[in-house]
Amino acid sequence: MTERDDVQNQRAEQRFKLTRVGVTGVKKPVVVERPWGSVTLNATIDVYVDLPSDQKGSHMSRNVEVTGEIVDRSVREPVRGLEDLTSQMCETLLQRHEYASYSEVEASADYFLEKKSPLGRPSLENYHIIGRTEAYRDGRRRKYIGVEVVGLNACPCAMETVRTKLMEKYPEQKSLLKNIPVITHNQRNVISLMIEVPNDKEIEVNTLIKLLENSLSSPTHEILKRDDEAAVVMHAHENPKFVEDVVRDVLQGVLEMYNDFPDSTKIEVMSRSEESIHKHNALAERITTFGELRK
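Take the sequence shown: its position 270, counting from 1, is numbered 1685 in the numbering used here, and each next residue is one higher.
Shown next, in the form of structure tokens:
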């Protein structure tokens, strides 16, 4: 094939550099080996490189080739985590795309853990895990691991308003109402955490899932009998939280859990509550570094 036939290598008419060009939604099985055992994940993978201003197009088939070569190898040689898989892919992408100065890969997958309901009934609960790497030709590289958890929040503002109204309506129960949780509206909360993994450190997704669930008013469960339902609702009302509270509790937990991580370590936390009495949702987010949080 001549250079004229290779359309991607032709000069771009509008000479603007593009930050990311690539393929999204590639589905592959990934085998991950952890100290507690191995797991096969059905991963969805997005693969990008940047494109210089003078080149018409990126060779996207190379992205798919790299994905096939490295991900398929994990079936025979399991990787330690999604972030390690994406790191290998980023390095190979820069080798294959000689014109690129940046590569980025994100892999996400459903992830199941055996959990117990408040009364001890076992069930497999679904979570979402994410690995991402950003790599530069000058050798800089950032690896991230993340999780997404669905749980329950109870609104503290409505609870206190209702408490006041109940004390006005039932003045003889005022002393009791002051000291117990009262009715409020609930919100399904989706909380996500992405944290950079320093070169000499490891992060276990099971630990992150536990941290996120502990930051909500209550975890939720796939299977609940009546007594379990009552326990979840009571626990949530004993622990009412705003979306802002959830994000701040996660930030505090991460700082305490990974107190030896460098100040430059990046972290992203987002909490989104799907409102039950409004037609809109509520959201809180913090994108920062460990150093900024420590200040």
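Even glycine gets a Cβ: it sits at the ideal position worked out from N, Cα and C.
On a predicted model such as this, the values are computed, not experimentally measured, just so you know.
Straight-line gap, residue i to residue j (C-alpha atoms, nearest Å)
{"i": "Glu1637", "j": "Lys1530", "result": "10 Å"}
{"i": "Lys1589", "j": "Glu1659", "result": "30 Å"}
{"i": "Thr1599", "j": "Glu1587", "result": "21 Å"}
{"i": "Lys1640", "j": "Glu1611", "result": "39 Å"}
{"i": "Arg1547", "j": "His1695", "result": "30 Å"}
{"i": "Arg1556", "j": "Leu1497", "result": "15 Å"}
{"i": "Gln1503", "j": "Val1597", "result": "52 Å"}
{"i": "Thr1622", "j": "Lys1584", "result": "45 Å"}
{"i": "Met1609", "j": "Val1562", "result": "7 Å"}
{"i": "Ala1427", "j": "Asp1465", "result": "Summary for Ala1427: the model assigns pLDDT 47, below 50, so the residue's position carries little reliability; its value from the coordinates is reported in the next sentence. Roughly 14 Å separates the two Cα atoms."}
{"i": "Asp1642", "j": "Ser1538", "result": "16 Å"}
{"i": "Val1486", "j": "Pro1493", "result": "9 Å"}
{"i": "Glu1448", "j": "Arg1495", "result": "5 Å"}
{"i": "Glu1672", "j": "Tyr1542", "result": "It should be pointed out that residue 1672 corresponds to Met in this sequence rather than to Glu. Spanning the two alpha carbons is a distance of roughly 21 Å."}
{"i": "Lys1625", "j": "Ser1632", "result": "13 Å"}
{"i": "Val1520", "j": "Tyr1463", "result": "6 Å"}
{"i": "Trp1451", "j": "Asn1674", "result": "24 Å"}
Candidates the options, of which the one nearest residue i by Cα
{"i": "Leu1592", "options": "Met1582, Asp1469, Asp1461", "result": "Met1582"}
{"i": "His1512", "options": "His1695, Val1577, Gln1470, Glu1540", "result": "Gln1470"}
{"i": "Arg1740", "options": "Ala1699, Ala1697, Arg1663, Ile1692", "result": "An answer regarding residue 1740 cannot be provided, because it is not within the stretch 1416 to 1710 covered by the chain."}
{"i": "Asn1614", "options": "Pro1571, Lys1656, Gly1566, Tyr1559", "result": "Tyr1559"}
{"i": "Gly1440", "options": "Trp1451, Thr1459, Ser1453, Pro1450", "result": "Thr1459"}
{"i": "Asn1568", "options": "Pro1655, Ser1453, Lys1625", "result": "Pro1655"}
{"i": "Ala1651", "options": "Asp1678, Lys1625, Asp1642, Cys1570", "result": "Cys1570"}
{"i": "Val1436", "options": "Glu1617, Cys1505, Met1475", "result": "Met1475"}
{"i": "Asp1461", "options": "Ala1522, Gln1602, Tyr1542, Val1684", "result": "Ala1522"}
{"i": "Glu1644", "options": "Gly1452, Leu1433, Arg1536, Val1438", "result": "Arg1536"}
{"i": "Val1363", "options": "Trp1451, Gly1452, Pro1450, Gly1483", "result": "Examination of residue 1363 is not possible in this model, given that the chain is present from 1416 through 1710 alone."}
{"i": "Thr1680", "options": "Val1648, Gln1602, Glu1707", "result": "Glu1707"}
Where the alpha helix (DSSP H) through residue i begins and ends
{"i": "Ala1646", "result": "1641-1652"}
{"i": "Ala1573", "result": "1571-1584"}
{"i": "Leu1509", "result": "1497-1511"}
{"i": "Glu1480", "result": "1475-1491"}
{"i": "Leu1670", "result": "1658-1672"}
{"i": "Lys1625", "result": "1620-1629"}
CB contact below 8 Å: residue i versus chain E
{"i": "Asp1615", "result": "Protein chain content of the structure displayed is limited to a single chain, and chain E is not contained in it."}
7 Å CB neighbourhood of residue i in its chain, flanking five on each side removed
{"i": "Leu1509", "result": "Ala1515, Ser1518, Ala1550, Arg1552"}
{"i": "Ser1489", "result": "Val1445, Val1446, Leu1500"}
{"i": "Phe1431", "result": "Ser1468"}
{"i": "Thr1703", "result": "Ile1682"}
{"i": "His1573", "result": "According to the sequence as given, residue 1573 is Ala; it is not His. So the qualifying residues of the chain are Thr1599, His1600."}
{"i": "Ala1646", "result": "Pro1533, Leu1534"}
{"i": "Arg1578", "result": "Leu1592, Val1597"}
Supposed contact pair residue j and residue i - C-beta distance, whole angstroms, cut 8 Å
{"i": "Ala1524", "j": "Asn1478", "result": "That pair is no contact at about 19 Å."}
{"i": "Arg1701", "j": "Leu1670", "result": "The pair is not a contact, with the Cβ atoms about 12 Å apart (cut-off 8 Å)."}
{"i": "Ile1544", "j": "Val1620", "result": "5 Å"}
{"i": "Val1661", "j": "Ile1606", "result": "6 Å"}
{"i": "Lys1616", "j": "Phe1705", "result": "Not quite, the Cβ-Cβ distance comes to about 12 Å (not below 8 Å), so this is no contact."}
{"i": "Phe1527", "j": "Glu1506", "result": "About 30 Å separates the two Cβ atoms, so there is no contact after all."}
8 Å Cβ shell around residue i - same chain, five flanking residues per side excluded
{"i": "Glu1628", "result": "Val1564, Gly1566, Pro1634"}
Delimiting residues of the beta strand (DSSP E) encompassing residue i
{"i": "Asn1541", "result": "1537-1551"}
{"i": "Lys1443", "result": "1433-1449"}
{"i": "Ile1598", "result": "Unbroken run through Ile1598: none, as it is neither H nor E."}
{"i": "Leu1466", "result": "1452-1466"}
{"i": "Arg1701", "result": "1697-1704"}
{"i": "Ala1522", "result": "1517-1531"}
Chain-order list of residues whose beta-carbon lies under 6 Å from that of residue i (same chain, five-residue window excluded)
{"i": "Ser1455", "result": "For the sequence presented, residue 1455 should be read as Thr rather than Ser. Correct list, in chain order: Pro1444, Val1446."}
{"i": "Leu1698", "result": "Arg1687"}
{"i": "Met1685", "result": "Ser1607, Glu1700"}
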